[in-house]
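So in the working numbering, the last one in the sequence shown is 375, and the numbering has no gaps at all.
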Amino acid sequence: MEQMNEQELKARIDDLEMQLNNKDVEIVSYLDKIEGLEERIMKLEMLVPDQDLEVLEDSELDSKTRLSQRFKEQEEEIRDLKNRMGYLRKEKIQLQKRLETLAKQDGNNRESTVIRIEEKKPPLDALVKDLQARINKQKIIIKNLKEDKPNLAKYEDNLRHKQERIAELKQKVSEKEASLNEKEEKLEQLKGQLSKSQKKKHFGSKKKPSDTNGALFSGLTGELQEKLNRSKIEIRNLQEKLREYKGQKLPENEEKLKEQLDNQNELINELQSKLDEEREILENKIQKFETMKEREKEYHSRCEDLESKLEVKDQQIVELEKEIADLKTEIKETSEVEEDSYTEIRINELKDLIEELKKQTTQQRIEIKQLRNKK
1 MEQMNEQELK
11 ARIDDLEMQL
21 NNKDVEIVSY
31 LDKIEGLEER
41 IMKLEMLVPD
51 QDLEVLEDSE
61 LDSKTRLSQR
71 FKEQEEEIRD
81 LKNRMGYLRK
91 EKIQLQKRLE
101 TLAKQDGNNR
111 ESTVIRIEEK
121 KPPLDALVKD
131 LQARINKQKI
141 IIKNLKEDKP
151 NLAKYEDNLR
161 HKQERIAELK
171 QKVSEKEASL
181 NEKEEKLEQL
191 KGQLSKSQKK
201 KHFGSKKKPS
211 DTNGALFSGL
221 TGELQEKLNR
231 SKIEIRNLQE
241 KLREYKGQKL
251 PENEEKLKEQ
261 LDNQNELINE
271 LQSKLDEERE
281 ILENKIQKFE
291 TMKEREKEYH
301 SRCEDLESKL
311 EVKDQQIVEL
321 EKEIADLKTE
331 IKETSEVEED
341 SYTEIRINEL
351 KDLIEELKKQ
361 TTQQRIEIKQ
371 LRNKK
């Protein structure tokens with residue numbers, strides 16, 4: 001509808017420009033007629049002072065016939081002018097009717113543009129509401145993630161404790177393995193000593209002590225074997241616990257949570273940028289609508305000014321016609337020389353008025369061009 005308004009305004013300006021051109025043509029025709037009247041007056045002035053009384057008496061009939069012919073020609077021209085003025089008045093009435101219809105259509109178009117632009121706003125509002133709802137959802141997700149930070153800290157603490165516990169268990173395993181190796185070495189040494197003592201034992205009086213030594217060595221080896229078995233069992237249990245800790249399924253780590261937070265932040269930034277773009281588009285449309293309203297007001301006021309100026313020009317043309325009619329009556333009556341100066345003064349005044357009209361028409365053309373350039 002905005003484009004239709006601009007087209008209608010262009011059409012109105014073109015019509016006004018055509019009217020101005022027609023008025024220019026009328027003014028040029030009036031200038032030509034005034035120049036013809038000036039030439040006739042100059043001829044009359046040349047005829048009257050240069051001739052003697054005798055020549056005037058002799059040529060009085062000729063001058064009367066010439067004047068009668070000229071008066072007839074002037075009367076024909078006056079009739080033509082009256083006919084043309086009648087056509088111009090009809091055209092003026094038609095143009096005024098067209099301007100009134102255009103003004104009514106212009107008012108209706110302004111109302112329709114306002115209604116249609118207001119109808120276009122709800123989809124944008126719906127889009128803004130949708131984006132706002134998405135942003136609120138993302139804010140809720142971020143809030144939940146921030147609330148889950150204590151759980152994350154607890155998870156990190158548990159993970160750290162488990163890692164420390166695994167390190168302690170590894171250290172204990174290594175210590176137990178070292179002690180087991182030491183005990184195995186001692187056991188091997190004792191076995192070697194036992195074998196040596198068995199080779200060196202003697203029968204007879206020393207039989208009883210050898211039995212006591214063998215019992216002592218056997219008890220010591222049994223105790224060491226029990227400790228070795230216990231240490232092996234403990235090492236086995238520690239290894240199983242270590243495997244359990246290593247094979248335990250842990251929840252998602254901190255890096256994945258950070259990655260999720262980064263993705264959520266990127267999505268929020270993207271939605272915020274889209275929301276800003278939509279708001280900017282909406283503001284630009286509102287500004288364009290306001291500028292179109294202002295331009296429409298300017299064009300309307302400008303057209304009213306042009307109409308008033310055209311009315312003023314019509315009045316001036318009517319006044320010029322009256323002046324020309326008065327001059328023609330004066331020319332009919334001016335067979336004497338005394339009234340020639342008065343007609344010259346009136347003709348000069350008419351020339352000044354016509355020059356002013358020309359200036360006004362040129363100014364109006366410049367203003368119309370400026371209006372077109374502003375569009």
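Ideal Cβ placement from N, Cα and C applies to all residues, glycine included.
Out of the options, which has the shortest C-alpha to C-alpha gap to residue i?
i: Asp15; options: Glu294, Leu99, Lys288; result: Leu99
i: Glu344; options: Lys104, Glu39, Tyr30; result: Glu39
i: Lys170; options: Asn181, Gln189, Glu240; result: Glu240
i: Arg89; options: Leu275, Lys23, Asn263; result: Lys23
i: Glu226; options: Leu37, Glu266, Leu180; result: Leu180
i: Gly25; options: Glu367, Leu357, Ile366; result: The amino acid at residue 25 is misidentified as Gly; the sequence shows Val. Checked all of Glu367, Leu357, Ile366; the closest Cα to Val25 is Leu357.
i: Ile366; options: Ser174, Arg160, Gln105, Glu17; result: Glu17
i: Thr362; options: Lys285, Lys309, Glu270; result: Lys309
i: Ala325; options: Leu44, Met42, Asp80, Lys43; result: Asp80
i: Lys10; options: Gln189, Gln316, Leu44, His300; result: His300
i: Arg295; options: Glu311, Glu278, Gln370, Asp352; result: Gln370
Cβ of residue i within 8 Å of Cβ of residue j?
i: Ile34; j: Ile347; result: yes
i: Leu306; j: Gln360; result: no
i: Ile235; j: Lys176; result: yes
i: Leu31; j: Ile354; result: yes
i: Leu350; j: Glu323; result: yes
i: Leu95; j: Arg12; result: no
i: Leu37; j: Leu320; result: no
i: Leu275; j: Lys172; result: no
i: Glu8; j: Gln105; result: yes
By DSSP, does residue i sit in helix, in strand, or in coil?
i: Glu355; result: helix
i: Glu339; result: Low confidence applies here, because Glu339 scores a pLDDT of 48, under 50, leaving its location unreliable and the question unanswered by this model.
i: Thr113; result: Confidence in Thr113 is poor, its pLDDT being 44 and thus under 50, which makes the residue's placement too unreliable to answer from.
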